[in-house]
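Using this note's numbering, read the sequence shown as starting at 23 and increasing by one per residue.
We treat Cβ as the ideally placed atom computed from N, Cα and C, and that holds for glycine.
Note that the structure is a prediction, hence the values are computed from the model and not measured.
Quick notes on the structure that follows.
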Amino acid sequence: MEPTFPLLKLPENVIVQVLQNINPDGLLILSLVSSKTKNLVTSLGLRASSVYIDISYDIGITVYIGRFGWILVFRNNSNDQNVEFDITRPISASCLGQYKLFQLSTPFNFGDWLDHIWTVFSCTEPLDVAFRPGSDRFGMESLKKMMKNVSCLTITAGVTDIQSKRILKSFKDYNELTLRINPFKESCEIRKFFIQNLKLFVFYDVYSLDDMLLVNSEKVYFRRPTTQKQFNQFTKHWIRGSNPRLQDMSLSINNSVSRDALLKGIHCINVAKEEQEEICRKHKIVSDYMVEIRRKDGTPAVIATKDFNNILHIRFLVFY
């Protein structure tokens, strides 16, 4: 039998000092012992800086408290990955890398687990949620009810079109959206997401000039390469007044093109070296050359390019 330490028999101020030297994952385990230990851990005032939920065949919750992060994994007891995972029923959990499940006097369903973590670690930040292949095991309505504050939504490659549509229909209050695939056959359906007032839209599939001109997000990152002609046309439309909310756009062109070809018919001026270095530092980018353009209303923007492995990476930054 392993030796035990009578922690709870110590004076409360001493208990608190001991708890302050325990990692957050250990504190989570301790908070599950009793109401007293839960209250003691909560009294430390630890605050989660971010929470990520990853849903595939299992569910993983990554909680960051300062620089320390830990992952809590929820698994179905069934070995059949096609069996529905009912998160409204009591659910087993363990920390990643530890295969011993937590033993609770009162069984928790997934919602109970979230409530407990939120309370103990003062989770007030919106959730960052990613859906992966296998997530169709879960009832979407149950997930929606239990994850009430989803601000960042990601649907990865491999998720079926049907499941992607269910996710997008269920979660609508996000302000950041990442789509690895376009699940819609009709262009009018995917364009509903291009016109949303988001902080960030990341899109990995094929897109047209019309799609680019519909973007209403502050930031948009296109991960599928476009053409020199399409980027040139977009820039000319922006100068005339399109995409009024755009602040930051990232995209690439498969083949290296000259500056003159990229900016043909566009009035631009070189950005001074010191200013270019400051912009690169602030936005964490690397640029071979950078030019400034202006919208007809006087709004300035810079186009920064970096040629790497015969791919031209472009960053379009607007300054209001």
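Please classify I217 as buried or exposed, where buried requires at least 16 other C-beta atoms within 10 Å of its C-beta.
That one is exposed.
Buried or exposed for P28, going by 16 or more other Cβ atoms inside 10 Å?
Flag for P28 reads exposed.
Using only CA atoms, which one of R111, K58 and N61 lies nearest to D134?
R111
Quick check: what's the CA-CA separation for I325 versus V36?
59 angstroms
Once DSSP output is grouped into helix, strand and coil, what is the label at P33?
coil
Within the same chain, show all residues whose beta-carbon is closer than 7 angstroms to that of Y86, passing over the 5 residues directly before and after it, in chain order.
A70, S71 and S72
Looking only at DSSP bridge pairs, what is Y311 linked to?
T327
Enumerated in chain order, which unbroken segments of the beta strand (DSSP E) with a length of 3 residues or greater are wholly contained in the segment 221-245?
Counting whole runs of 3 or more residues, the segment 221-245 contains the beta strand (DSSP E) stretches 222-225 and 241-244.
Find out if the Cβ-Cβ distance for the pair V237, T200 is shorter than 8 angstroms.
no
Which residue marks the beginning of the alpha helix (DSSP H) containing D80, and which one marks its end?
Per DSSP, D80 belongs to no alpha helix (DSSP H) and is neither H nor E.
Report the rounded CA-to-CA distance for K209 versus R246, giving the unit in angstroms.
Checking the sequence, you will find Ser at residue 209 rather than Lys. One Cα belongs to S209, the other to R246, and the distance between them is close to 17 angstroms.
Just checking my contact of N149 with V172 at CB under 8 angstroms: how many whole Å lie between their CB atoms?
Sequence inspection shows Leu at residue 149; the Asn mentioned does not correspond to that position. L149 to V172, Cβ: 5 angstroms. Contact.
Taking the alpha carbon of V142 as the reference point, which residue from I307, L52, K286 and S192 has its own alpha carbon closest?
L52
Assuming contact is defined by CB atoms lying nearer than 8 angstroms, are V63 and L41 in contact in what I supplied?
yes
Report back the beta-carbon spacing between V151 and L175 to the nearest angstrom; my notes put them in contact at under 8 angstroms.
6 angstroms
Cβ of C47 within 8 angstroms of Cβ of C145?
In the sequence on display, residue 47 carries Asp and not Cys. No.
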